[in-house]
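Asker: Take a look at the following structure, please.
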Amino acid sequence: MDILRFITCGSVDDGKSTLIGRLLYDSDSVSLDVLATLEKKRTATNSTDVDLALLTDGLKAEREQGITIDVAHKYFTTPRRKFIITDAPGHVQYTRNMVTGASNADLAIVLVDARQGVIEQTRRHTLLASLLGIRHFVLAVNKLDLVGYDEAVFQKIVADYQAIAEQLKLAHVQAIPLSALHGDNIVRRSKHITWYAGPSLLEHLESVPVATDANPHEPRFQVQYVIRPQTEELPDYRGYAGRIQSGTYRAGDKVRIWPSGLETVLEAIEVNQQAVPTAEAPLGVVLRLRDDIDISRGDTIVPIAAHPAVVRELEATLCWMDERPLRAGRKLLVQHHATVVKAAVTTILQKTNIETFESVGTDEAKLNDIVRVRLKTASPLVADEYRQNRDTGAFILVDEQTGATLAAGLIAATDPEYFTQEVAAEPAFSI
Amino acid sequence: MDYLDRLEAEAIHILREVAGQFERPALLFSGGKDSIALTRLAEKAFRPGKFPFPLVHIDTGHNFEEIIRYRDDLAARLGEKLIVRKVEDTIRARGLREPGGKYPSRNPLQTYTLLDVIEEFEFDACIGGARRDEEKARAKERIFSVRDDFGQWDPKRQRPELWNIYNGRIQKGENVRVFPISNWTELDVWNYIQREKIELPEIYFSHERQCVVLPSGQLLGLSEHLNLDDTDEIVQRRVRFRTVGDSTCTAAVESDAASIDDIIQDLLLAKVSERGATRLDDNLSETGMEDRKRNGYF
Ligand SMILES: Nc1nc2c(ncn2[C@@H]2O[C@H](COP(=O)(O)OP(=O)(O)OP(=O)(O)O)[C@@H](O)[C@H]2O)c(=O)[nH]1
Ligand SMILES: [Mg+2]
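Those protein sequences? They're chains G and X, same order as listed.
Going by our numbering, the first residue of the first sequence is number 71, and it counts up by one from there.
Going by our numbering, the first residue of the second sequence is number 37, and it counts up by one from there.
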């Protein structure tokens, strides 16, 4: 059984949390005791329906204000798949929490309130999800009950969203008309929406092919921790523990250590102390090398046939997440998985206009801005472009004093078309 | 790759990040199945080396005897350092009031002992076996969760946590709680225990036990720590424990499940959540968990 990780996004009050609640409720994934608390709440507030959003809005402040502030993680399983759900907040103020959720998702459900249509937040979240490498989108046109389940309303929104999808070259979009509140087309097909012949949301989530196992990338492995027992039985054992970030490793291969550039042989790959001939991402392994070379946390080990870029200067797209704006010249830390280096933002090249998706000149990045910058690092990074490798192409910026996470960073090429995904081979939009 | 392998790989990665990023980490070992699973994951992450952290047990003094025995055996078998700190000593040292009532739970007091042990050893990271599927406030927490000087969690100011890049950089006085099995469900843990053939304390399996019937209908194992009176009904039942916490606030569930297979079958049919079935203290208030976490609880 495989795992599908998905996120709900869209504007405030579009019904994201209600949709997740409905999905859990209608698929019998909510336990009785939890239902009992919802029911208690319903009676206390004199409502006719239980508030399904309370299944994910777990913080006191969220329940009081009726909004989502931070991402919630929910889990459920059907005979077809195991799902990890991330319910994101719609409010612009909490965009960084949405980005947190999207960074680990394979699929994004973008909700649109049928009465409001496509709005700025629809565009922002779609852009962010696309930027972060999500390839599968569901356009969930919600609250159709409030527009009399009118097909024309749905079609208009689909057409508007199609323009976004084309602009961003989204790989795959499924549009579904639904009502999260009443459960139309969530788990079961709707009785009210007779004009729609496509799948319900759950049917789609269960069947959408997300090739998480496809591993076409060059091999990458970063050392997280050096295992040195120094015991009587194992006086000289030295194992490099880490995670295969991409690709496949084979025992016996010649490998090079970066950034030092030294060459040696991959003597053994160990998993749970057993030698295995090959191992692939995302497995955690211990690599043993033939020669005793100085290797420490953060070093990258790759077969000599692979050629990672080793750079001290790079161009990247940032999702800026700090209240204090970023200006050129700012010194901070780059955390690239197990590597942490000092760096400076040398230039802020441009920022993305959410309305048009066009790049415009800027000299600062404000909270939630998406900007393209140049960075200089104090020591070399073994880097890939994000669109080539969602793992090694990602980094975060950290404030040296406070330790705060300031930005999500995506290593970019100089390619101006960077914000768009490659064109899918097949016609992508289905209804 | 099977989904359990994926979850395992994620947890191992997180454990190694702790080892790589912190100077004085600790693994908080409760004796429950989740922390037992964590020790297996730590073996996979660090063997043939030693764990780069001690096991730390906060002993409420109301623990099941079996758990204490299991804990000591496990630490000995693993050859890892075990640090035990007792809530009783904290109560004395800090002049705290023993909880009263019929079912006096020292669960809330654990927080003090935990904060004291963090201070004593200057732990900068504490690994725990909490899962996001357990409770609605936990569902909101990051994998690397930064706590301030007083161990407090501020849910409105959580750091963004992007991809699988974990930011453990902290200022003096702060520390980080790390939850490697955040994304596991109760069923995942049982499936893992089965796959890994991990031995568990006997109380997880069906056995005869004298229990008090609570007003909620829940069954509480009889122990000398309860202050019962003649209104209490004592019954003998076949029960097992779904979670193992303080014996005075962890209810047993009626069950004939004698093996891990049986337990998994039980779970697949279960209509009540783990917490709902077993925890007494969370029912006290709707935001019980969040409130305790804000105050430094694990
Ligand atoms: N009529 C109708 N109301 C809906 C529907 N879906 C959600 N709502 C209502 O819309 C309101 C907002 O729902 P939420 O699920 O909290 O919205 P959200 O998108 O999660 O909001 P944030 O997380 O704060 O951005 C609630 O009052 C819901 O009951 C729907 O399909 N039809
Ligand atoms: Mg919400």
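Even glycine gets a Cβ: it sits at the ideal position worked out from N, Cα and C.
Taking Thr-417(G) as part of the beta strand (DSSP E), name the residues at either end of that continuous run.
Answerer: That run of the beta strand (DSSP E) goes 409 to 422.
Asker: Is Phe-427(G) helix, strand or coil when you go by DSSP?
Answerer: Three-state DSSP puts Phe-427(G) in coil, outside helix and strand.
Asker: Distance cutoff 8 Å, beta carbons only. Does Glu-496(G) sit that close to anything in chain X?
Answerer: With a pLDDT of 43 at Glu-496(G), under the threshold of 50, the modelled position of this residue cannot be trusted, and the question is left open.
Asker: In whole angstroms, what separates the C-alpha of Glu-222(X) from that of Leu-303(X)?
Answerer: So the two alpha carbons sit approximately 9 Å from each other.
Asker: Go through its chain and collect everything with a Cβ distance to Glu-276(G)'s Cβ below 8 Å, but skip five positions before and after it.
Answerer: These residues qualify, in order along the chain: Thr-148, Arg-150 and Arg-151.
Asker: Please compile the residues from chain X whose C-beta is within a distance smaller than 7 Å of the C-beta of Asp-72(G).
Answerer: Ordered by position in chain X, the residues that pass the 7 Å Cβ test against Asp-72(G) are Tyr-39.
Asker: Between Ser-87(G) and Ala-123(G), how many whole angstroms is the CB-CB distance? I'm expecting something under 8 Å.
Answerer: The pair is a contact, with the Cβ atoms about 4 Å apart (cut-off 8 Å).
Asker: Applying the 10 Å Cβ sphere with the 16-neighbour rule, what's the burial state of Ser-181(X)?
Answerer: With 16 or more other Cβ atoms within 10 Å, it is buried.
Asker: Using alpha carbons as the reference points, say which of Leu-102(G), Asp-103(G), Phe-153(G) and Lys-144(G) lies closest to Tyr-39(X).
Answerer: Of the listed residues, the one whose Cα sits closest to Tyr-39(X) is Phe-153(G).
Asker: Whose CA, out of Ala-448(G), His-406(G), Ala-408(G) and His-407(G), lies closest to the CA of Thr-416(G)?
Answerer: Ranking the options by Cα distance to Thr-416(G), first place goes to Ala-448(G).
Asker: Can you give me the C-alpha to C-alpha distance between Ile-48(X) and Pro-216(X), rounded to a whole angstrom?
Answerer: Going by the C-alpha atoms only, they are around 8 Å apart.
Asker: For Ile-234(G), which option in Lys-213(G), Leu-271(G), Arg-193(G) and Val-411(G) has the closest C-alpha, if you only look at C-alpha atoms?
Answerer: Checked all of Lys-213(G), Leu-271(G), Arg-193(G) and Val-411(G); the closest Cα to Ile-234(G) is Arg-193(G).
Asker: Please state if the CB of Glu-340(G) and the CB of Val-325(G) are separated by a distance shorter than 8 Å.
Answerer: No, these two residues do not count as a Cβ contact at 8 Å.
Asker: Using alpha carbons as the reference points, say which of Gln-272(X), Gln-230(X) and Glu-310(X) lies closest to Gly-281(X).
Answerer: For Gly-281(X), the nearest C-alpha among the options comes from Glu-310(X).
Asker: In whole angstroms, give me the CA-to-CA distance for Trp-328(G) and Leu-43(X).
Answerer: Looking at the two C-alpha atoms, the distance is approximately 28 Å.
Asker: In the DSSP assignment, find the unbroken beta strand (DSSP E) run with Lys-328(G) in it and report its ends.
Answerer: Residue identity differs from the one stated: residue 328(G) is Trp in this sequence, not Lys. Element bounds for Trp-328(G): 324 to 328.
Asker: Is the region 195 to 204 of chain X touching the region 464 to 479 of chain G, taking contact as three or more C-beta pairs under 8 Å?
Answerer: They touch, by the three-pair rule.
Asker: Counting only the same chain and skipping the five closest in sequence on each side, list residues whose C-beta sits under 6 Å from that of Ala-175(X).
Answerer: Same-chain partners within the cutoff: Arg-168.
Asker: Shorter than 7 Å, the distance from the beta carbon of Ser-249(G) to the closest heavy atom of ligand 1, or not?
Answerer: Yes - ligand 1 has a heavy atom lying nearer than 7 Å to the Cβ of Ser-249(G).
Asker: In whole angstroms, what separates the C-alpha of Gly-56(X) from that of Leu-77(X)?
Answerer: Roughly 16 Å between the two C-alpha positions.
Asker: Quick one: complete beta strand (DSSP E) runs, 3+ long, within the region 180 to 257 of chain G?
Answerer: The qualifying runs are 206 to 212 and 242 to 247.
Asker: Would you check whether ligand 1 has a heavy atom nearer than 7 Å to the C-beta of Gly-218(G)?
Answerer: Every heavy atom of ligand 1 is 7 Å or more from the Cβ of Gly-218(G), so no.
Asker: Along the chain, where does the beta strand (DSSP E) that runs through Gly-312(G) open and close?
Answerer: That run of the beta strand (DSSP E) goes 309 to 316.
Asker: Where does the unbroken beta strand (DSSP E) through Gly-257(X) begin, and where does it stop?
Answerer: Where Gly-257(X) is concerned, the enclosing beta strand (DSSP E) stretches over 255 to 257.
Asker: If you draw a straight line from the alpha carbon of Thr-279(X) to that of Ile-234(X), how long is it in whole angstroms?
Answerer: Rounded to whole angstroms, Thr-279(X) to Ile-234(X) spans 16 Å at the Cα level.
Asker: Could you compute how far the alpha carbon of Thr-301(G) sits from the alpha carbon of Val-411(G)?
Answerer: Spanning the two alpha carbons is a distance of roughly 33 Å.
Asker: How many whole angstroms separate the CB atoms of Trp-156(G) and Gly-171(G), which I take to be in contact at a CB cut-off of 8 Å?
Answerer: What sits at residue 156(G) in the sequence shown is Thr, not Trp. 4 Å between Cβ atoms; contact.
Asker: Of all residues in the structure, which have a C-beta closer than 7 Å to any heavy atom of ligand 2, taken in chain order?
Answerer: Spelled out in chain order, the answer is Lys-86(G), Ser-87(G), Ala-123(G), Thr-126(G), Asp-127(G), Ile-137(G), Thr-138(G), Asp-157(G), Pro-159(G) and Gly-160(G).
Asker: List the residues that DSSP assigns as beta-bridge partners of His-274(G).
Answerer: Paired residues: none, contrary to the question.
Asker: Assign Trp-226(X) to one of three DSSP states: helix, strand, or coil.
Answerer: Note: Trp-226(X) maps to helix in three-state DSSP.
Asker: For ligand 1, is there any heavy atom lying closer than 7 Å to the beta carbon of Leu-129(G)?
Answerer: Incorrect: Leu-129(G) has no Cβ contact closer than 7 Å to ligand 1.
Asker: Is it the case that the region 384 to 391 of chain G contacts the region 358 to 367 of chain G, given that we only count it when at least three CB pairs across the two stretches are under 8 Å?
Answerer: Counting Cβ pairs under 8 Å, fewer than three are found: no touch.
Asker: Please decide whether Gly-56(X) counts as near chain G, where near means a Cβ-Cβ distance under 8 Å.
Answerer: Yes, Gly-56(X) counts as interfacial toward chain G.
Asker: Could you tell me which of Thr-462(G), Ala-453(G) and Ser-260(G) sits nearest to Phe-214(G), measuring between CA atoms?
Answerer: According to the sequence shown, residue 214(G) is Leu rather than Phe. The residue with the shortest Cα to Cα distance from Leu-214(G) is Ser-260(G).
Asker: Identify the contact partners of Ser-309(X) in chain G, using a Cβ-Cβ distance below 7 Å as the criterion.
Answerer: Within 7 Å Cβ-Cβ: Ser-101, Asp-103 and Val-104.
Asker: Let's test the definition: count the other Cβ atoms within 10 Å of the Cβ of Glu-269(X) and tell me whether it reaches 16, buried, or not, exposed.
Answerer: Exposed: under 16 other Cβ atoms inside 10 Å.
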